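The structure under discussion appears below in the form of structure tokens.
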Amino acid sequence: MELSAERNAALQRLSKLGAKSILIVNVVPLGCTPALLTIYYQDSASNYDGHGCLKNINRISKYHNTLLANSVNDLRHRHQHVTFYLADYYRAYRKVLRMPSDYGIPNPLRACCGCAGSYNFNNQTTCGHIGPYNRITNNLRRLCLFPSAFANWDGVHPSQRMNLAAATAFFLENI
């Protein structure tokens, strides 16, 4: 079964179970995450946008989010007794990238808990695992002294600071 079909089926089940309000969050600009910036590193600057994010991967994120928005609109029509909220995490994330200092995030493209490289991410030694760097466990306390300075926790997951910025955008700025 296709992922979007599975998601829609799950949302319909929630509706049938009596849910009155459902919050759906779209995906972040994946081309801005330290993991994908590292794995899909490109030599040509033309492959990156003005914030240093991979353009082609972000096109995929945008496409996914467009399909998601269309699905949510369809669900709204079919289940009018349920309020479906669509939170635009993509837009909130881009807002932080445009003005990182406004959010106290000086390192928007680097992982907080990581090991080496331009983006502090190495898929051979991920956060909390033993890896090739001197066979030392990535100690979360030692490698991530200032987690509030990062938009990304481990190369894949947004940090608490980024989640706070996104929640503020969702609920106070109607993004």
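When you line the sequence shown up against UniProt numbering, it's residues 1 to 175, in that order. Even for Gly, the Cβ is constructed at its ideal location relative to N, Cα and C. Here the structure is a predicted model, which means the values were calculated and not measured.
Discussion item. Let me make sure I understand the geometry here. Which of 40, 162, 127 has the alpha-carbon closest to that of residue 28?
Written reply: Stepping through the sequence shown from its first residue, residue 28 is reached at position 28. Looking only at 40, 162, 127, the smallest Cα-Cα distance to residue 28 is reached by 162.
Fill in: Whole-angstrom C-beta distance between residue 54 and residue 48, which should lie under 8 Å
On the sequence shown, residue 48 is found 48 positions in, with the first residue counted as 1. On the sequence shown, residue 54 is found 54 positions in, with the first residue counted as 1. About 6 Å separates the two Cβ atoms, so the contact holds.
Fill in: For residue 17, the nearest candidate out of 101, 90, 79 (CA to CA)
For the purposes of this step, residue 17 is identified with residue 17 of the sequence shown, where counting begins at 1. Residue 17 has its Cα closest to that of 79, out of 101, 90, 79.
Discussion item. On the DSSP bridge list, what partners appear for residue 150?
Written reply: What you label residue 150 is simply residue 150 of the sequence shown in a count that begins at 1. In DSSP, residue 150 forms a bridge with 107.
Worksheet item: Which of the three DSSP states, helix, strand or coil, is assigned to residue 126?
Response: Sequence index remark: in the sequence shown, residue 126 carries index 126 (1-based). Under the three-state reduction of DSSP output, residue 126 falls in the coil class, being neither helix nor strand.
Discussion item. For the pair the stretch 4–20 and the stretch 28–42, tell me if three or more CB-CB distances fall below 8 Å.
Written reply: With contact defined as three or more Cβ pairs closer than 8 Å, the stretch 4–20 and the stretch 28–42 are not in contact.
Fill in: Contacting residues, own chain, Cβ-Cβ under 7 Å from residue 96 (five flanking each side not counted)
Within the sequence shown, the letter at position 96 stands for residue 96. The answer, listed in chain order, is 103, 105, 108, 151, 162, 165.
Fill in: CB contact flag (residue 114, residue 88, <9 Å)
Numbered from 1 along the sequence shown, position 114 holds the residue referred to as residue 114. Numbered from 1 along the sequence shown, position 88 holds the residue referred to as residue 88. Taking the C-beta atoms as reference points, residue 88 is found no nearer than 9 Å to residue 114.
Fill in: Continuous alpha helix (DSSP H) assignments of at least 4 residues falling wholly in the stretch 15–45
Complete alpha helix (DSSP H) runs here, min 4: 34–39.
Worksheet item: What is the DSSP secondary structure of residue 121, reduced to helix, strand or coil?
Response: For the purposes of this step, residue 121 is taken as residue 121 along the sequence shown, with counting starting at 1. Three-state DSSP puts residue 121 in coil, outside helix and strand.
Worksheet item: What residue range is occupied by the uninterrupted beta strand (DSSP E) comprising residue 85?
Response: As a working mapping, residue 85 is identified with position 85 in the sequence shown. For residue 85, the enclosing beta strand (DSSP E) stretches over residues 83–87.
Discussion item. So for residue 67, helix, strand or coil by DSSP?
Written reply: Within the sequence shown, numbered from 1, the residue matching residue 67 stands at position 67. Under the three-state reduction of DSSP output, residue 67 falls in the helix class.
Discussion item. Please state whether the Cβ-Cβ distance between residue 26 and residue 68 is less than 9 Å.
Written reply: Here residue 26 is taken as the residue at index 26 of the sequence shown, counted from 1. Here residue 68 is taken as the residue at index 68 of the sequence shown, counted from 1. In this structure, residue 26 sits near residue 68, with a CB-CB distance shorter than 9 Å.
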